[in-house]
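Trainee: Residue numbers (this note's numbering): 11 to 131. Just so you know, even glycine gets a beta-carbon here, dropped at the ideal spot from N, CA and C. Quick one: this structure, given as structure tokens, is what I'll be asking you about.
See the structure below:
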């Protein structure tokens, strides 16, 4: 007899979905039939001043324009952040936090996204 750890992933997923479906069909509260957990994420962002933004961009080793494109903002936004004229949004701060946590992962992702630019004649 195989244990749950020996089952193929697809079978585990199918079994779990069937168990959930059965619980829903029973009419009883799902929380009384299955293990339910509530979680809270604590994702406070760093306070990004101009130096921290520059340092974070430096982790990737790219220009302001490439960094801006990568995180989904304008080049002028990155320039303003690095000059201390304005601060990044919470979303941009979260992305930069992730870059700082795993710079190798994000450098790899950046390289995977890079394609030669064709020159218009």
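Whole angstroms are fine: how far does the CA of residue 127 sit from the CA of residue 82?
Mentor: Distance between the alpha carbons of residue 82 and residue 127 is about 18 angstroms.
Trainee: Does the beta-carbon of residue 23 have 16 or more other beta-carbons within 10 angstroms, so that it is buried, or is it exposed?
Mentor: Label assigned to residue 23: exposed.
Trainee: For residue 63, is the classification buried or exposed, using 16 other Cβ atoms within 10 angstroms of its Cβ as the cut-off for buried?
Mentor: Buried, because 16 or more other Cβ atoms sit within 10 Å of the Cβ of residue 63.
Trainee: Buried or exposed for residue 103, going by 16 or more other Cβ atoms inside 10 Å?
Mentor: That one is buried.
Trainee: So residue 33 and residue 44 are supposed to be a Cβ contact under 8 angstroms. How far apart are they, rounded?
Mentor: Indeed, because the Cβ distance is near 6 angstroms, the residues count as touching under 8 angstroms.
Trainee: Hey, how far is the Cα of residue 53 from the Cα of residue 101?
Mentor: Looking at the two C-alpha atoms, the distance is approximately 11 angstroms.
Trainee: Quick check on residue 29: does DSSP put it in helix, strand or coil?
Mentor: Correct three-state label for residue 29: helix.
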